[in-house]
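Here the structure is laid out as structure tokens; the discussion comes afterwards.
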Amino acid sequence: MTTYDPRRVGAGLLARLIRLLRRSPLMYLADSGIWTYRGDEDLKLALADLAADHQNFIDRAETILVDDELELPQSAFPLSFTGWHDVDLGFLLGRLTADLAERQREIARIVEEADLAASHDGVTAGRAAELIREVRAAIDGHLDLLAQQQARLAGKATTAGPVTAG
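This is the structure we're talking about:
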């Protein structure tokens, strides 16, 4: 018979969070050094800022695991991401937004589990729950920022009008 160990449960939740953030298309774009066309620097900077936030959350989750002498999770990007190397960031923005929204739903499920584990007086679980709630709030802001970027790009396309042959 196994006993409930909130420390291990908290570690498992942090491992899920790390994998969820690390294996995202956003982190793939940041880590792979994909070349992009000159142009929309606002979008590039926004995506770089979001990726930096996610890396910060990953680093903080790993610090909790290391402090408690727990195993760090391993992860790799899905092979399907390699097809994104020559795609315009404006095109990818919708996919990145949809992916982040799906990850936000998974984080909401993790928050519920983390709060339950923290209620059993586990220090690791409590720290995990606090960090995971912070990630959820940050991703709400990230989704808003991506929506603003999409609206800005749509506005740019509308004001540019159709191209006519001369």
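The opening position of the sequence shown corresponds to residue 9 in the working numbering, with each subsequent residue numbered one higher.
Cβ atoms here follow ideal geometry from the backbone N, Cα and C, with glycine treated the same way.
Exposed unless 16 or more other CB atoms sit within 10 angstroms - verdict on residue i
| i | result |
| --- | --- |
| Ala149 | In the sequence as presented, Ala is not what sits at residue 149; that position holds Gly. It is exposed - the Cβ of Gly149 has fewer than 16 other Cβ atoms within 10 Å. |
| Gln157 | buried |
| Val143 | buried |
| Val17 | buried |
Cβ neighbours of residue i in the same chain (closer than 7 Å, five flanking residues each side left out)
| i | result |
| --- | --- |
| Gly174 | Reliability of the predicted coordinates at Gly174 is poor, the pLDDT of 48 falling under 50, and no value is obtained from them. |
| Ile118 | Leu21, Arg24, Leu25, Ile140 |
Test item: CB-CB of residue i and residue j under 8 Å
| i | j | result |
| --- | --- | --- |
| Leu25 | Ile140 | yes |
| Arg27 | Ser83 | yes |
| Trp66 | Thr132 | Trp is not the amino acid found at residue 66; the sequence shown has Ile there. Contact flag unset, no. |
| Ala19 | Leu78 | yes |
Among the options, nearest to residue i - alpha-carbon criterion
| i | options | result |
| --- | --- | --- |
| Leu55 | Arg144, Thr166, Ala155 | Ala155 |
| Ile147 | Leu22, Ala159, Asp76, Ala116 | Ala116 |
| Gly102 | Val17, Leu151, Gly163 | Leu151 |
| Leu108 | Glu49, Ala19, Arg15, Arg31 | Arg31 |
| Leu97 | Tyr12, Leu21, Arg15, Asp48 | Asp48 |
| Leu161 | Arg15, Tyr12, Leu51 | Leu51 |
| Asp61 | Val119, Leu21, Arg15, Leu153 | Leu153 |
| Ala69 | Leu104, Phe85, Leu29 | Leu29 |
Chain-order list of residues whose beta-carbon lies under 6 Å from that of residue i (same chain, five-residue window excluded)
| i | result |
| --- | --- |
| Ala137 | Ala122, Asp123, Ala126 |
| Gly134 | Ala126 |
The ligand ADP heavy atom lying under 7 Å from the CB of residue i
| i | result |
| --- | --- |
| Leu22 | Because no ligand of any kind appears in the structure shown, any question about the ligand ADP cannot be addressed here. |
**Item:** Meets three-Cβ-pair contact criterion under 8 Å: the region 20-38 and the region 85-93
**Value:** yes
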